[in-house]
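As you go down the protein sequences, you meet chains A and B in turn. Residues in the first sequence are numbered from 276 upward in steps of one, following the working numbering. Residues in the second sequence are numbered from 276 upward in steps of one, following the working numbering.
Protein chains: 2
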Amino acid sequence: MVEAKIEFIPEGSITSPQGFHAGATYAGIKKKVKDGLDLGILFSEAPCVATALFTTNRIKAAPVVLSQQRLQEGRARAVVVNSGCANAFTGEQGLADAAEMADLVAKGIGISPEEVLVASTGVIGLPLPMKLIREGIDQIILSADGGHELARAMMTTDTVPKETAVAVSAGESRFTIGGVAKGSGMIHPNLATLFCFLTTDAVMDLDFLKLALRKAVDISFNMVSIDGDTSPNDMVVLMANGLVGNDPIWQGSEQAEVFQQALDQVCIYLAESIASDGEGASKLIEVTVSGAPGVAEAKLAARTIVSSPLVKAAVHGEDPNWGRIMSAVGRSGVEVVESKIDLYLGNICLVKSGCPLAFDKQEVVKALGDSKVLINLQLNLGTATATAWGCDLSEEYVTINSQYTT
Amino acid sequence: MVEAKIEFIPEGSITSPQGFHAGATYAGIKKKVKDGLDLGILFSEAPCVATALFTTNRIKAAPVVLSQQRLQEGRARAVVVNSGCANAFTGEQGLADAAEMADLVAKGIGISPEEVLVASTGVIGLPLPMKLIREGIDQIILSADGGHELARAMMTTDTVPKETAVAVSAGESRFTIGGVAKGSGMIHPNLATLFCFLTTDAVMDLDFLKLALRKAVDISFNMVSIDGDTSPNDMVVLMANGLVGNDPIWQGSEQAEVFQQALDQVCIYLAESIASDGEGASKLIEVTVSGAPGVAEAKLAARTIVSSPLVKAAVHGEDPNWGRIMSAVGRSGVEVVESKIDLYLGNICLVKSGCPLAFDKQEVVKALGDSKVLINLQLNLGTATATAWGCDLSEEYVTINSQYTT
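As structure tokens, then:
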């Protein structure tokens, strides 16, 4: 591997890489306005190679269908995003509306509609308010520091925008990766999450770009669960405009490993941000399962624990009810041998070789009160490890979701 | 089929069939006492053929391991049950404690310990307080109308006991089936639920008894979900003491179909009771999926919808957010064609052939306010149907489960 450095950029955003511009407006699609933005555009001044991963939900939103078609050639130059309406379960009209959104953006910027992707998030089953969208798109002003605006325009029940960027030096190459994500409820991604856009100014080989995105998503967004509900609108897009003019990065090239590491870091940062800001969440839960027979088993066990409503509720109430963690791993379908299991909460060992240990209750309650609760389960059956992220289950989650459309 | 009548017995219980006796006491195992009972015994004055289904959780509680062994010969005569402590994840000591519970009951009644099953429910990972259990078993008085007491002794977060019985006449035969169940949280049965005991005074062939129980459980308890968490203690036991002296009922005999119908009715009644009384629940949700390509698909779709926290929260808040039902069926893994789907809430059609219909919001809110909310999804792809039961997700569910051990 070449000598490399990966540094997070203070206040980095999706427009930190060279040549990416963004902007947003309040078009009036969201009824309950937060931060006043609900429609945004991301644009690259140079053509990009691009790849994406989409939801595995069989009910696919119109913008997912459209963006999936347009990415078949591996090229894209702009994304238009709205919150407040998911344009999902909207039939032929939904597809026509998504196409019109792309057309309007293409005309405004002066590029081909085929280069524009569309993403929508919000209530399912309602038609897009196209009058508001037409007027809104006209008002958006793109700028090289517009990334923060785009991050706010994507939010629904999110309480904070989720964005970051890293500056990478790898041998002679210097490039930047930026990312923005949203997601707070209906989060149990299965290939992607609702949404994440990633940009880089590096020159990238498309095949490697696809591979790198899949790898990064598998250990980041695919390991987040807030409520077990996979959305019909999930998408993660990665666009590379090549403006730094480095030697192309392809699988096997010197910089490939560094690029992968940097992309992993951006995706994990954003995945953790999504989990921390889960609907009603007061803390992040990070579950690491090690000693599994294989990576698939480690992932399944970690995701099952972090998704268990009973584990999540116990963490919320700072209740040292660790038996629920054992019950969750037991039902995950993964091989377990009770007498081999070790369980740690942060640094506190609760179970060793299947034997519950006496613990200082106040110390355990304190660890459960941290803003990041670390659960570490060692199966002692193999060498594979995986980490999953989630959040506590609070009364507020229920309140938010019992009044979402009313 | 012979001429048959199946009638629910007013205030029927597990001791309604001839020759079954039960009793319970407060031993002090449960800290938060509700109805003052936490230890009970069920006993048949005649030997029984018996069969059971147990949890598929790989962490199996000690009483599950013990009862599973003892039922290998298809015989049992008594069950001892406690609430307040699950005796799960308790290692060798847990197995010894479960065996001692059975021994004490066997000695008290004067039967072989091999004929005694054990069931425990409550907190996972704590040892059984054997001193309290020894003293408690001594105090229990068995009687022919003790079924109601046993039902109360099994409750943890349950707010009401769940019990019923049916009187069956089939041609010349008269027999009774009784049942009692508990379960309020950690309910997502996968072979059985935590707990159900069933009794009958009919003379039964063991092979048919096994078959009948599996069939009844598959369409009742296995179609209930409260929170997606499968417990390590789940068990459903069916005991037949033959005291009415009918011709043995075997697969293919005249009464087999009536017995199956009666057993199904008892199990569905108890499954619905469990779903209605889910932790924090204010209403029952019944989801029927029809027009599926196969029964497995219909079941998977119905269970996925009834388990979705977002559907459950919307029903709780009486929010007509039907898009979440579509999202849930879309992620269930079952084949769906958006343009073929019909969706009904009670009698109100919300979606026809994939097209959202205009609806009277007040009427929909009213239907969501019923104590039993009926969701009917027609896939229009085949002829298979399945029904699943669950409950709404309330703030109270979180409150209960964030303070379970503290």
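Beta carbons are placed, not taken as given, at the ideal position from N, Cα and C, and that holds for glycine. Bear in mind the structure is a predicted one, so any value in this text is a computation, not a measurement.
- For A:GLU593, the CB contacts under 6 Å within the same chain, skipping 5 residues up- and downstream, are VAL640, LEU643 and GLY644 in chain order.
- Residues of chain A with a Cβ closer than 7 Å to the Cβ of B:TRP597 are, in chain order, GLY400.
- The alpha carbon of B:PRO388 has as its nearest neighbour, out of B:GLU375, B:GLY400 and B:SER291, the alpha carbon of B:GLU375.
- For A:TYR619, the enclosing beta strand (DSSP E) covers residues 617-620.
- Counting the other CB atoms within 10 Å of its CB gives B:LYS437 a total of 16 or more, which places it among the buried residues.
- Any Cβ of chain B closer than 8 Å to the Cβ of A:PRO404 would place that residue at the interface, and such an atom is absent.
- Among the residues of chain B, none has a CB under 9 Å from the CB of A:ILE560; the nearest is roughly 13 Å distant.
- Beta-carbon to beta-carbon, B:ASN676 and A:LEU585 are separated by about 6 Å, close enough to satisfy the 8 Å threshold.
- The contact set of B:ALA327 on chain A, defined by CB atoms closer than 8 Å, is empty, because the minimum CB distance reaches about 19 Å.
- At a cut-off of 8 Å, the C-beta of B:GLY605 has a neighbouring C-beta in chain A.
- Fewer than three pairs of CB atoms, one per stretch, sit closer than 8 Å, so the region 440-451 of chain A makes no contact with the region 560-570 of chain A.
- In terms of Cα proximity to B:GLY598, the closest of B:VAL570, B:GLY629, B:THR658 and B:ALA440 is B:GLY629.
- Within the region 398-474 of chain A, the runs of alpha helix (DSSP H) at least 4 residues long that lie entirely inside it are, in chain order, 405-414 and 422-428.
- For B:THR563, not one C-beta of chain A is nearer than 8 Å to its own C-beta.
- Counting only runs of at least 3 residues, the region 575-660 of chain B fully encloses the following beta strand (DSSP E) elements, listed from N- to C-terminal order: 617-620, 623-627 and 647-653.
- Taking 7 Å as the cut-off between beta carbons, the residues of the region 620-636 of chain B near chain A are GLY629, CYS630 and PRO631, in sequence order.
- Annotation: B:ASP413 to B:GLY383 spans about 7 Å, alpha carbon to alpha carbon.
- B:LEU317 and B:ALA428 have their C-alpha atoms roughly 11 Å apart.
- It is roughly 16 Å from the alpha-carbon of A:THR451 to the alpha-carbon of A:ALA325.
- Interface annotation, A:ASP372: not in contact with chain B, CB-CB separation never under 8 Å.
- In this structure, B:ALA351 lies near B:CYS323, with their beta-carbon atoms less than 8 Å apart.
- Neighbours of B:ALA363 in chain A, taken as residues whose beta carbon is under 7 Å from its own, are GLY598 in chain order.
- Under the Cβ criterion of 8 Å, B:LEU585 is counted among the residues facing chain A.
- In this model, B:ALA633 and B:LEU625 are separated by some 7 Å (Cα to Cα).
- Rounded to whole angstroms, the separation of the alpha carbons of B:GLN536 and B:ILE650 is 24 Å.
- Contacts with chain B at 8 Å (Cβ-Cβ) include A:VAL611.
- Pairwise C-beta distances place the region 601-620 of chain A out of contact with the region 294-309 of chain B, as fewer than three of them are shorter than 8 Å.
- A:LEU668 reaches chain B at VAL673, counting residues in chain order whose Cβ is nearer than 7 Å.
- With a 10 Å radius around the Cβ and a threshold of 16 neighbouring Cβ atoms, B:SER358 comes out buried.
- In the structure shown, the three-state DSSP call for B:SER669 is coil.
- The count of Cβ pairs closer than 8 Å, one atom from the region 521-529 of chain B and one from the region 335-347 of chain B, stays below three, leaving the stretches out of contact.
- Secondary structure remark: continuous beta strand (DSSP E) runs of at least 3 residues inside the region 309-364 of chain B, in chain order: 314-329 and 350-360.
- Sequence-distant partners of B:GLY369 (beyond 5 residues in either direction) whose C-beta falls short of 8 Å from its own C-beta, in its chain, are ALA336, ALA337, ASN362, ALA363, PRO402 and LEU403.
- DSSP lists B:VAL443 as the beta-bridge partner residues of B:ILE281.
- Listed in chain order, the non-local C-beta contacts of B:GLY311 below 7 Å within the same chain comprise TYR301, local neighbours out to five positions each way being set aside.
- Counting along the chain, no alpha helix (DSSP H) covers A:ALA567; the unbroken beta strand (DSSP E) around it starts and ends at 559-567.
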